[in-house]
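Okay, so here's the structure we're looking at.
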Amino acid sequence: MASHYGKLFVVMIMIDPMLLADLKQPFESPQHIAELKLDGIRAVLEVDDRVKMYTRHQNDISSRFTEVTSAAASAVLPGTTLDGELIISDLITGKPDFEAMMSRFQTKKVKQRTPGLTFVAFDILRYKGEDLRAHGLMERKEILHEALQENDVMKRIRFMEHSFISFFELCKQQKLEGIVIKKRDSKYYSGRRPKDIWQRVVVYEREKCVILGYSKRELAWLVGVERNGQLEPAGVVKYGLTEERRNKAFPIMVRHQTHETKDYVYIKPMVEATVRFRHWTKAGKMRLAVLEDVHL
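Those letters in the sequence shown? Residues 0 to 295, per numbering that gives the first Met the number 0, in order.
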């Protein structure tokens, strides 16, 4: 590619997608729009003589999702690059199923199409060979609407122009992942995470847990929750283990060890903690658990 924001892509290379900044609470603003944050795999889709799809880490996954690349070939013209999310929607609830998506992602040989598999485009980076990243978001949205002819697999994301707080509250009620608030006039900053351009507000669940042990190999704690009168493992916490929280809990954890394995040291369930996480997995574990506080 001749320049970062050249008029035309002369030679195509993989584009690093623009990243999301974190935001604790939603806000209202006429200078922004809001979209549903889809719980899947971020992917960039390039349509030229052939269709190529790759992840945000630039892993080529075209051959794993041939139904998507085939659908894209008939949905957009050559010379197009889309940014979006690869999801599998639950056929009953209609909600994105992250575990199903990861299962499909890790399957190299697929014999038949996966029901509910969809590529949802939320931005267009190139159209008819022209680099659009220096254009404003709403202009890119208009071009995306023109460029993408929706079918069963290829979809465009819908967006809200107001009522962002109510939108987020609805996501909480429906146990969806959250929302993304974007500046209407924003350019597309490849590979960057500007703090006030695209901002994600994530829905978290919170649970009072008991610390069951800690890892010998990395900074990670085992936690459990009470279910039906019994203490059951609920996952591993790797985030939020600040020095202050470790210093608060570790002296007690060391004094009350019960046994150990090659990987973990187990302790008496004496130290409680508040943990936030994305949602419960089907196996009853917390996904992306973060320690918020330790209670002695």
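Where is the CB? At the ideal position from N, CA and C, for every residue including glycine.
Do the stretch 80-99 and the stretch 118-125 meet, that is, are 3 or more Cβ pairs less than 8 Å apart? The stretch 80-99 vs the stretch 118-125: in contact.
Evaluate F26 with the Cβ neighbour count: other Cβ atoms within 10 Å of its Cβ, from every protein chain shown; 16 or more gives buried, anything less gives exposed. The residue labelled residue 26 in the question sits at position 27 within the sequence shown. F26 is exposed by the Cβ-count criterion.
Which of helix, strand or coil DSSP assigns to V253: Here residue 253 corresponds to residue number 254 of the sequence shown, with the count starting at 1. The answer is helix: DSSP assigns V253 an H, G or I state.
Under a Cβ-count criterion, where at least 16 other Cβ atoms within 10 Å of its own Cβ denotes burial, should M269 be classed as buried or exposed? Residue numbering aside, residue 269 sits at position 270 when the sequence shown is read from its first letter. Flag for M269 reads exposed.
Have a look at V202, K247, L44 and M159 and flag the residue whose alpha-carbon is nearest the alpha-carbon of Q24. Taking the first residue of the sequence shown as 1, we reach residue 24 at position 25. That would be V202, whose Cα lies nearest to the Cα of Q24.
When you compare the stretch 276-291 with the stretch 224-238, are there three or more beta-carbon pairs, one atom per stretch, that lie closer than 8 Å? Yes: at least three Cβ pairs fall under 8 Å.
Please determine, among S214, E176 and H278, the residue with the shortest C-alpha to C-alpha distance to R205. In the sequence shown, counting from the first residue as 1, residue 205 sits at position 206. The shortest C-alpha to C-alpha distance from R205 to any of S214, E176 and H278 is the one to H278.
Name the two residues that bound the continuous alpha helix (DSSP H) containing S214. Numbered from its first residue, the sequence shown carries residue 214 at position 215. From DSSP, S214 is part of no alpha helix (DSSP H) but of the beta strand (DSSP E) over E204 to S214.
Identify which residue in A74, H255 and R275 has its Cα closest to the Cα of K154. For the purposes of this step, residue 154 is taken as residue 155 along the sequence shown, with counting starting at 1. Looking at A74, H255 and R275, the one whose alpha-carbon comes closest to that of K154 is A74.
Residues of its chain near A248, where Cβ-Cβ distance is below 6 Å and the 5 sequence neighbours each way are ignored: Stepping through the sequence shown from its first residue, residue 248 is reached at position 249. Cβ-Cβ distances below 6 Å link A248 to V270 and V293 in the same chain, with the five nearest sequence neighbours on each side left out; the list follows chain order.
For K36 and R199, what's the separation of their Cα atoms in angstroms? On the sequence shown, residue 36 is found 37 positions in, with the first residue counted as 1. On the sequence shown, residue 199 is found 200 positions in, with the first residue counted as 1. CA-CA distance, K36 to R199, rounds to 8 Å.
Pairwise C-alpha distance: K207 and L175: Taking the first residue of the sequence shown as 1, we reach residue 175 at position 176. Taking the first residue of the sequence shown as 1, we reach residue 207 at position 208. Rounded to whole angstroms, L175 to K207 spans 21 Å at the Cα level.
Report the three-state DSSP secondary structure of F158 (helix, strand or coil). Working through the sequence shown from its first residue, we reach residue 158 at position 159. Residue state, collapsed to three classes: strand.
Whole angstroms are fine: how far does the CA of R139 sit from the CA of I87? Position 88 of the sequence shown, counted from the start, is the residue given in the question as residue 87. Position 140 of the sequence shown, counted from the start, is the residue given in the question as residue 139. Near 25 Å, if we compare the C-alpha coordinates of R139 and I87.
Cβ separation of T54 and A42, assumed to be a contact under 8 Å, to the nearest whole Å: Here residue 54 refers to the residue found at position 55 of the sequence shown. Here residue 42 refers to the residue found at position 43 of the sequence shown. About 6 Å separates the two Cβ atoms, so the contact holds.
For M252, does the count of other Cβ atoms within 10 angstroms reach 16, so buried, or fall short, so exposed? Within the sequence shown, residue 252 is the residue found at index 253, counting from 1. Buried is the call here.
Host alpha helix (DSSP H) of F64 (start-end): Translated into the one-based positions of the sequence shown, residue 64 becomes position 65. DSSP places F64 in no alpha helix (DSSP H); its state is neither H nor E.
Which partner residues does A42 have in the DSSP bridge list? As a working note, residue 42 is residue 43 in the sequence shown. A42 pairs with T54 and G83.
With burial defined as no fewer than 16 other Cβ atoms inside 10 Å of the residue's Cβ, what is the status of A219: buried or exposed? Taking the sequence shown and counting its residues from 1, the one referred to as residue 219 is at position 220. By the 10 Å Cβ count, A219 comes out buried.
Can you have a look at M52 and say buried or exposed, based on whether 16 or more other CB atoms are within 10 angstroms of its CB? Residue numbering aside, residue 52 sits at position 53 when the sequence shown is read from its first letter. Under the 10 Å beta carbon count, M52 is surrounded by 16 or more other beta carbons and is classified as buried.
Classify P16 as buried or exposed, calling it buried when 16 or more other Cβ atoms lie within 10 Å of its own Cβ. Translated into positions along the sequence shown, residue 16 becomes position 17. So P16 ends up on the buried side.
For M101, count neighbouring C-beta atoms within 10 Å of its own C-beta (all shown protein chains included) and say buried if the count is 16 or more, exposed if not. Your numbering for residue 101 matches position 102 in the sequence shown. So M101 counts as exposed.
Inter-residue Cα distance where the pair is L44 and E243: The sequence position of residue 44 within the sequence shown is 45, counting from 1. The sequence position of residue 243 within the sequence shown is 244, counting from 1. Rounded to whole angstroms, L44 and E243 show a C-alpha spacing of 44 Å.
Tell me which same chain residues have a C-beta within less than 6 Å of the C-beta of F97, skipping the five on either side of it? Indexing the sequence shown from 1 puts residue 97 at position 98. If we look at F97 and ignore the five residues flanking it on each side, its Cβ neighbours are D38.
Please identify the residue among K186, K194 and F158 whose C-alpha is closest to the C-alpha of D21. Reading the sequence shown from its first residue, position 22 is the one you call residue 21. That would be K194, whose Cα lies nearest to the Cα of D21.
Which value, in whole angstroms, describes the spacing of the CA atoms of L295 and N58? For the purposes of this step, residue 295 is taken as residue 296 along the sequence shown, with counting starting at 1. For the purposes of this step, residue 58 is taken as residue 59 along the sequence shown, with counting starting at 1. L295 and N58: Cα-Cα distance of roughly 45 Å.
Rounded to whole angstroms, how far is the Cβ of I210 from the Cβ of V224, which I believe are closer than 8 Å? By one-based count along the sequence shown, residue 210 stands at place 211. By one-based count along the sequence shown, residue 224 stands at place 225. At roughly 11 Å, the Cβ-Cβ gap does not stay under 8 Å, so I210 and V224 are not in contact.
Neighbourhood of D89 by C-beta distance below 8 Å, restricted to the same chain and skipping five residues each side: Locating residue 89 in the sequence shown gives position 90, counting from the first residue. For D89, where only same-chain residues beyond five positions count, the Cβ hits under 8 Å are P95, D96, A99 and G115.
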